[in-house]
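Peer 1: My structure is below; once you've seen it, I'll send some questions.
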Amino acid sequence: MTTERKEDWWEKIKEKTTGSRPELLREFYEFTGGKRILIYQTERFLQYAAEQKGEKVDSSVVEEIRAVGSQRAEKENAVEVISQSAFDDSTPFLQKGELKIHLRRPVKNLTGSGHFHPRMNAPPVLTVNLISFPQNMPENYSVTSGAGTEYDFNVHVISKASIFLPIGEYVFEYSARCDSQDELEDITDTE
């Protein structure tokens with residue numbers, strides 16, 4: 000059960016949520032050695048549980064969950080991914096591109112997500128550089144990134160001072176690399 004609404008959890012077709020992202024389910028299945036998982040949004044879980052017991056869901060509880068979810072979504076919507084463009088020669092082993100993010104309100108830490116296309120062969124080593132940012136950017140900040148799956152990655156900008164990051168456009172250049180099977184065999188053969 001989760002109140003998570005971000006796109007890396009839910010499969011959407013024409014703006015309609017159709018279920019859990021297949022790669023998330025597959026990753027869980029592979030990680031747990033064949034176990035399955037069911038992921039429900041909190042509202043739907045309460046409805047399902049009530050149906051199983053032959054009861055009705057308390058509408059005030061559902062409304063409270065919706066209100067908390069709306070407040071959370073409003074807070075989370077500080078960051079909007081504007082675009083992502085990958086270079087034409089992207090492969091499952093090497094991808095390079097650019098990710099543009101718009102910060103809608105001042106925050107101390109910015110996090111945005113990009114997607115690998117095509118899917119990487121394995122979770123890659125990711126290198127990210129912030130190449131463009133708003134004029135009034137604080138001097139003391141750091142940029143980090145992570146790719147825990149072969150499907151997507153996150154970029155982070157963290158203000159080191161007590162200064163908020165300014166509203167505006169942030170452009171990241173990224174490079175993702177994982178070793179191909181041939182490269183791994185070459186390394187093994189030379190050892």
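Residue numbering for the sequence shown follows numbering that gives the first Met the number 0, beginning at 0 and increasing consecutively.
For glycine and all other residues, C-beta sits at the position ideal for the given N, C-alpha and C.
#1: Provide the residue span of the beta strand (DSSP E) that contains K11, from first to last.
#2: What is the rounded straight-line gap between the Cα of N139 and the Cα of K13?
#3: Roughly how many whole angstroms lie between the Cα atoms of L23 and E29?
#4: In whole angstroms, what separates the C-alpha of W8 from that of R20?
#5: Short check: CB of R118 to CB of E149, under 8 Å?
#6: Going by C-alpha to C-alpha distance, which of K55, R104 and L98 sits closest to F86?
#7: For the pair the stretch 143 to 157 and the stretch 109 to 125, tell me if three or more CB-CB distances fall below 8 Å.
#8: Here's a check: name, in chain order, each residue in its chain whose Cβ is nearer than 8 Å to the Cβ of E184, leaving out the five neighbours to either side.
#9: Look up L125 in the DSSP assignment and give the residues it is bridged to.
#10: Can you tell me whether D52 is helix, strand or coil according to DSSP?
#11: Can you give me the Cβ contacts of F132 inside the same chain, cut-off strictly under 6 Å, excluding the 5 residues immediately before and after it?
#12: Near S82, which residues of its chain fall below 7 Å by C-beta distance, leaving aside the five closest residues on each side in sequence?
#13: Tell me the rounded alpha-carbon separation between R103 and G53.
#14: In this structure, what does DSSP give as the bridge partners for F27?
#15: Can you give the Cα-Cα distance for V127 and V142, rounded to whole angstroms?
Peer 2: So, to answer that:
#1: W9 to I12
#2: Counting only the Cα atoms, K13 lies some 41 Å from N139.
#3: 10 Å
#4: 6 Å
#5: yes
#6: L98
#7: yes
#8: Residue placement at E184 is flagged as unreliable, the pLDDT there being 45, under the threshold of 50; a coordinate-derived value is accordingly withheld.
#9: Looking at the DSSP assignment, L125 forms a beta bridge with A175.
#10: At residue 52 the sequence reads Lys, which differs from the Asp that was named. DSSP places K52 in helix when its eight states are reduced to three.
#11: Y169
#12: K99
#13: 45 Å
#14: Beta-bridge pairing links F27 to no other residue.
#15: 8 Å
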